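Enquirer: Its first residue numbered 1, the sequence shown is counted upward by one per residue in full-length UniProt numbering.
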Amino acid sequence: MTETVLIEACKRRESFAQRLLYDRFVDKMYVLCLRYIVSPTDAEEVLSDGFFKFFRNIDQFTYIGEGSVQAWLSKIVVNECLMFLRKKKQLVLTIDDHVTHSNLAENDTALQQMATKDILRYIQEMPAGYRTVLNLYVFEDRSHKEIASLLQISESTSKSQLFKARAMLRQRIAGVGYNN
Numbered sequence: 001m002t003e004t005v006l007i008e009a010c011k012r013r014e015s016f017a018q019r020l021l022y023d024r025f026v027d028k029m030y031v032l033c034l035r036y037i038v039s040p041t042d043a044e045e046v047l048s049d050g051f052f053k054f055f056r057n058i059d060q061f062t063y064i065g066e067g068s069v070q071a072w073l074s075k076i077v078v079n080e081c082l083m084f085l086r087k088k089k090q091l092v093l094t095i096d097d098h099v100t101h102s103n104l105a106e107n108d109t110a111l112q113q114m115a116t117k118d119i120l121r122y123i124q125e126m127p128a129g130y131r132t133v134l135n136l137y138v139f140e141d142r143s144h145k146e147i148a149s150l151l152q153i154s155e156s157t158s159k160s161q162l163f164k165a166r167a168m169l170r171q172r173i174a175g176v177g178y179n180n
């Protein structure tokens, strides 16, 4: 079933179409949640909230081509993750004056050799502030200006958090001495 047909059926609140769309994107959205939220149980809860909000607001969605469904759903899920972190007061930032692995640590060859599950684990081990800015900048392709607005911080704090997150990631990889 094409995305356009699937979306139109979802707009008519047809449960089979909602299930098909859910099945098509659930794994990707769950991994997205895990990049922000460490607890699998909490990530599942946020994922569920994200899909609920997606289906509740589907009438506002305009299909603009292949990939637009995933992009809109991802935006909703990321926002749900950020709301969850704020609500749980896990989004603590220290204040200072399409993605490839190399974007994470600026052409670090060890990182490029690592398995995605190892990178995910390292990201999950970061403090929430580092993890959130890293995810927004690297995976969601947000600018520091957008991140600052979303998280209600300064652009320099966003840049500092990204710098520290990358440094932590490099240190973690060097400490492990990852060789594939």
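Even glycine gets a Cβ: it sits at the ideal position worked out from N, Cα and C.
What you are looking at is a predicted structure, and each value in this text was computed from that prediction instead of being measured.
State whether the stretch 131-146 contacts the stretch 44-52, with contact taken as three or more CB pairs (one from each stretch) at a distance under 8 Å.
Expert: No, the stretch 131-146 is not in contact with the stretch 44-52.
Enquirer: List the whole-angstrom C-beta distance separating L21 from C33, where the pair is believed to meet the contact cut-off of C-beta under 8 Å.
Expert: No, L21 and C33 are not in contact; Cβ-Cβ is about 17 Å, not under 8 Å.
Enquirer: Find the nearest neighbour of Q161 within the set M126, V78, R172, Q171, judged by alpha-carbon distance.
Expert: M126
Enquirer: In chain order, what residues of the same chain lie with their CB nearer than 8 Å to the CB of A105, ignoring the 5 residues before and after it?
Expert: Note that A105 has pLDDT 46, beneath the 50 cutoff, so the model's placement of it is unreliable and the number below is only indicative. The answer, listed in chain order, is L111, R166, L169, R170, I173.
Enquirer: For V38, which residues from the same chain have a beta carbon less than 7 Å from its beta carbon, with the 5 sequence-adjacent residues on both sides left out?
Expert: Result list for V38: Q124, in chain order.
Enquirer: So, is V92 buried or exposed, given that buried needs 16 or more other C-beta atoms within 10 angstroms?
Expert: Any reading at V92 needs caution, since the residue's pLDDT is 48, under 50, leaving its predicted position unreliable; the model's value is listed next. Per the 10 Å Cβ criterion, exposed.
Enquirer: If we ignore side chains and look at the alpha-carbon of each, how far apart do K28 and S156 end up?
Expert: 31 Å
Enquirer: Between T4 and the rest of its own chain, which residues show a CB-CB distance below 6 Å, the 5 nearest in sequence each way excluded?
Expert: Within the same chain, T4 has close Cβ partners Y63.
Enquirer: For H144 and E66, what's the separation of their Cα atoms in angstroms?
Expert: 27 Å
Enquirer: Helix, strand or coil: which one does DSSP assign to E14?
Expert: coil
Enquirer: Could you tell me if R35 is buried or exposed, where buried requires 16 or more neighbouring beta carbons within 10 angstroms of its beta carbon?
Expert: buried
Enquirer: Going straight from the alpha carbon of G175 to that of E14, what length do you get?
Expert: 51 Å
Enquirer: Decide if F25 is buried, meaning its Cβ has at least 16 other Cβ atoms within 10 Å, or exposed.
Expert: Here F25 is buried: its Cβ has 16 or more other Cβ atoms, across all protein chains shown, within 10 Å.
Enquirer: Under 8 Å, do V77 and E140 count as touching if we go by C-beta distance?
Expert: no
Enquirer: Taking its Cβ as the centre, do 16 or more other Cβ atoms sit within 10 Å of F84, making it buried, or is it exposed?
Expert: buried
Enquirer: For K75, tell me which candidate among G50, F55, D59, T2 has the shortest Cα-Cα distance.
Expert: G50
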